[in-house]
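Accompanying notes for the structure given below.
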Amino acid sequence: MLWVLFLLVAWGAAAISCIRLCLASARLPATSAEDVRRTADDRELTLYETAFLAGGPHRVADLALVTMHLRRRLLLAHTGWATVVDPDGRDEVERTVIRAIGPQGQSPIPPVRAAAAAADSVRALADRLVAAGLARPGGAGADVASAVRAVRGAALLVVATGAAALFTPGREQRPGGDAVPLLVWFGLPLVLNLGCLAIARMEVHPYSSWASPAGQRLLDACAGPADGAAHDVLVAVAVQGVGAVDDPELRAALTGRRVP
């Protein structure tokens with residue numbers, strides 16, 4: 212009767228993951244399609260706003276670092292160190308970066324990024340986006356995205372436990388004595404998982420951690436490949452992250468992966 216244990220595991224994983232997804236979805240504020248369209252059509256995003264909606268506070272910090280490097284106000288070495296070239300920041304985020312580097316003018320990049328992401332200027336940016344209906348408060352969408360991944364994992368677990376149950380000893384003791392009733396027992400939690408995923412895709416997709424549906428609409432409008440111009444590179448970094456940087460040494464500085 213080992214297959215019963217597999218069945219209990221499958222049902223437990225399916226039920227817990229689906230309940231988690233339902234609770235996370237219920238905490239999201241309701242937004243009508245007309246509200247999404249009107250909010251998205253009323254404004255354009257700045258680069259910092261784009262970075263926050265796409266990747267949160269750390270994306271804003273990455274954007275500030277890349278901006279200062281490309282405009283020769285900061286030198287980011289592939290060894291992972293930042294060096295101040297121009298100590299006059301052009302905005303509060305840049306000034307936070309310079310302060311985080313310290314009076315010596317040099318610092319490892321990770322603590323600088325962390326300080327910039329936690330700065331008051333970034334929190335104020337988040338508050339403005341939430342008030343405008345473009346961002347989810349406190350990155351609430353992260354709970355939904357995590358719950359969706361849990362449901363997908365539970366569905367794979369149901370399939371795996373069902374396959375394992377087919378090869379457990381004592382098949383003659385199973386209902387009906389063959390594989391068909393067994394697959395029906397495991398098919399029910401799988402249907403539950405797939406149904407929850409389908410409903411979530413219709414109701415709360417896209418599963419953004421930071422952007423509201425209106426903010427995601429604006430992000431989709433500005434997403435696109437860079438053509439090599441500095442501004443387009445910054446847009447690509449804001450939307451896609453540091454992986455969009457073509458310069459291998461700059462990418463190594465931001466990711467911590469050394470250039471061969």
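Using our numbering, you'd call the opening residue of the sequence shown number 212 and step up by one each time. Backbone N, C-alpha and C fix where the C-beta goes; we use that ideal spot for every residue, glycine too.
Proximity winner among the options, relative to residue i (alpha-carbon distances)
i, options, result
"glycine 316", "Asp299, Ile230, Val450", "Asp299"
"serine 318", "Leu276, Asp443, Val215, Asp458", "Leu276"
"leucine 393", "Ala343, Val402, Ala376, Leu286", "Ala376"
"proline 484", "Leu281, Ala288, Arg324, Ile227", "Given that the chain is displayed from residue 212 to residue 471, the structure contains no residue 484 and the question cannot be resolved."
"leucine 258", "Ala463, Leu465, Leu286, Val444", "Val444"
"tryptophan 222", "Leu461, Leu368, Ala374", "Leu368"
Whole-number beta carbon distance between residue j and residue i, since they are thought to touch under 8 Å
i, j, result
"glutamate 260", "leucine 340", "6 Å"
"valine 450", "alanine 272", "Not quite, the Cβ-Cβ distance comes to about 15 Å (not below 8 Å), so this is no contact."
"leucine 403", "alanine 225", "5 Å"
"leucine 218", "phenylalanine 378", "Actually they are not in contact, since the Cβ atoms of leucine 218 and phenylalanine 378 sit about 14 Å apart, beyond 8 Å."
"serine 228", "valine 362", "4 Å"
"leucine 405", "alanine 343", "Actually they are not in contact, since the Cβ atoms of leucine 405 and alanine 343 sit about 36 Å apart, beyond 8 Å."
"alanine 293", "threonine 307", "With 8 Å as the limit, alanine 293 and threonine 307 do not qualify as a contact, their Cβ atoms being about 13 Å apart."
Outcome for residue i when other beta-carbon atoms lying within 10 angstroms are tallied against a minimum of 16
i, result
"glycine 467", "exposed"
"cysteine 233", "exposed"
"alanine 262", "buried"
"alanine 311", "buried"
"aspartate 354", "buried"
"glutamate 255", "exposed"
"glycine 373", "buried"
"leucine 465", "buried"
N- and C-terminal bounds of the beta strand (DSSP E) containing residue i
i, result
"tryptophan 292", "292-295"
"glutamine 317", "317-319"
Residue interval of the alpha helix (DSSP H) (run including residue i)
i, result
"serine 236", "213-237"
"leucine 430", "424-433"
Check whether the stretch 421-432 and the stretch 393-410 touch, using three or more Cβ-Cβ pairs below 8 Å as the test. no
The stretch 330-340 touching the stretch 280-287, judged by at least three CB pairs closer than 8 Å: no
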